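Below is one structure, written out as structure tokens; comments come after it.
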Amino acid sequence: MLAEKKIEVELVEERYWEQDPDFMRRNPAGKVPVLRMDGRAMSESQAICEYLEETHPTPALMPGSPAERYEARRIVFWFDDKFHHEVTSKLLYERVNKKITGQGYPESRNVKSGAQKIKFHLDYMGWLLDQRRWLAGDVMTLADFTAAAHLSCLDYISDVDWNRNANVKDWYAKIKSRPAFRGLLADQVSGFPPPPHYADLDF
């Protein structure tokens, strides 16, 4: 979202699981992201996104009418709540976070659960995209960037079957092709090289 709105920031890697006292002062919840802007430290990703939308309204990433904004927020919460708990936390946490934070080996039961649940979510996305150009309607919104953020993390570890639904693959190709998204695709996690298709627009 920052790149889409052309807001320049300095990115700082935070080992949040170590609960550094300075970091905990900035965000007692002990979570990332934290954004320092306008003299304050802000936390909670969607609260940050709405703040940026209000303070930097161009280009707009929330639609115009209350009903359209509701739908965009609904999809945002779908991914940050349901998708996160059923898929992202099961696959990314088990495969990557545990190794980085030294918490042991992946729990196969969780990995299997996440791999099964993602099928439902991809099918639901395909159903939405049968009816509209973007996830929340006919214009690209914060909902699309939220969903793409989750899926890009999982695609990094090859846990997305892009052949399951052509609509979803086409939608993600549009997101990947945006200049604002290219920087994200260039990021790498130490010790976890991405698959060859990860940053490829023709995947």
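The numbering of the sequence shown is the UniProt record's numbering, which starts it at 1 and goes up by one. From the three backbone atoms N, C-alpha and C, an ideal C-beta is built for every residue, glycine too. These numbers were taken from a predicted model, which means no experiment stands behind them.
For the alpha helix (DSSP H) assignment, the uninterrupted runs of no fewer than 4 residues enclosed by the UniProt domain "GST N-terminal" (1–60) are, from N- to C-terminal side, 21–26 and 45–55. Shortest Cα-Cα distance from Arg15 to any of Gly102, Met1, Asn163 and Gly114 involves Gly102.
Note on the region 88–170: there is no whole beta strand (DSSP E) run with a minimum of 3 residues. With 16 or more other Cβ atoms from the protein chains shown falling within 10 Å of its own Cβ, Gly137 counts as buried. Within 10 angstroms of the beta-carbon of Asp161 lie fewer than 16 other beta-carbons, which makes it exposed.
In the DSSP annotation of this structure, the continuous segment of the alpha helix (DSSP H) that includes Val76 starts and ends at Pro66 to Phe77. CA-to-CA, the gap between His150 and Ile75 works out to about 12 Å. A Cβ-Cβ contact shorter than 8 Å links Trp171 with Leu129. Comparing C-alpha distances from Arg133 to each of Lys174, Gly114, Ile118 and Ala3 shows the shortest one belongs to Lys174. Taking 8 Å as the cut-off, the Cβ atoms of Ala143 and Ala47 do not count as close. According to DSSP, residue pairing for Phe192 in a beta bridge involves Val189.
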